[in-house]
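Worksheet for the structure shown next.
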Amino acid sequence: PLPQDMSVLARELEKELEVLRAPLPKSIREGLAKADKFLMAGKPQAALDICDDLLNGNKKLSLASRTQFNVLRGRALEGLNRNFEAIDSFTRALSLDQSKSAQAVAYFYMAELYLKMNNLVQAEGAFTIAIKYGLPTGLEVQAREDLRMVDDRLEKDR
């Protein structure tokens, strides 16, 4: 079980996520789900195509939708080893939505990419911000584990 303050934070984040997802039109929710499913199935190009089609074809997308698609787009680009384009997509997501919960997720995936690229200082900073801004529980656990590993590796290098 999580400590009391983390449990409260997790419940608050769940409520915030419900509010963020509620106003999305059905076609957008379906597009996000389909792109995410392709990512989970190891098909990053298919996920990227969906993200690009919906981002380019819907000029009236809400900022929350654009943010989520840019995070998914970054993850797809990472899956294609187009790392610098992925960082650009995560950065775009950060600039679109100023809510801490949306930015926390973007920082998390950016940190994961920095870690993969062995850019430990950038990974440490991005994981720290992601945790500070409040990640959903599963991502927070992963971020804390990865941050400990990054800190250990940086300590050995000093």
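Residue numbering for the sequence shown follows the numbering used here, beginning at 93 and increasing consecutively.
For every residue, glycine included, the Cβ atom is placed at its ideal position computed from N, Cα and C.
From a predicted model like this one, the values you see are computed outputs, not experimental measurements.
G123 and N162 have their C-alpha atoms some 13 Å from each other. Linking L172 to L186 through their CA atoms gives a straight-line distance of about 21 Å.
DSSP, reduced to helix, strand and coil, places K126 within a helical segment of the structure shown. Fewer than three pairs of CB atoms, one per stretch, sit closer than 8 Å, so the region 150 to 157 makes no contact with the region 176 to 186.
In the structure shown, the three-state DSSP call for M132 is helix.
Contact between Y225 and Y199 holds: CB atoms are separated by about 7 Å, below the 8 Å threshold. I223 and A215 do not touch by the CB rule: their CB atoms are close to 12 Å apart, not below 8 Å. Around the beta carbon of A203, a 10 Å sphere encloses 16 or more other beta carbons of the protein chains shown; the residue is thus reported as buried.
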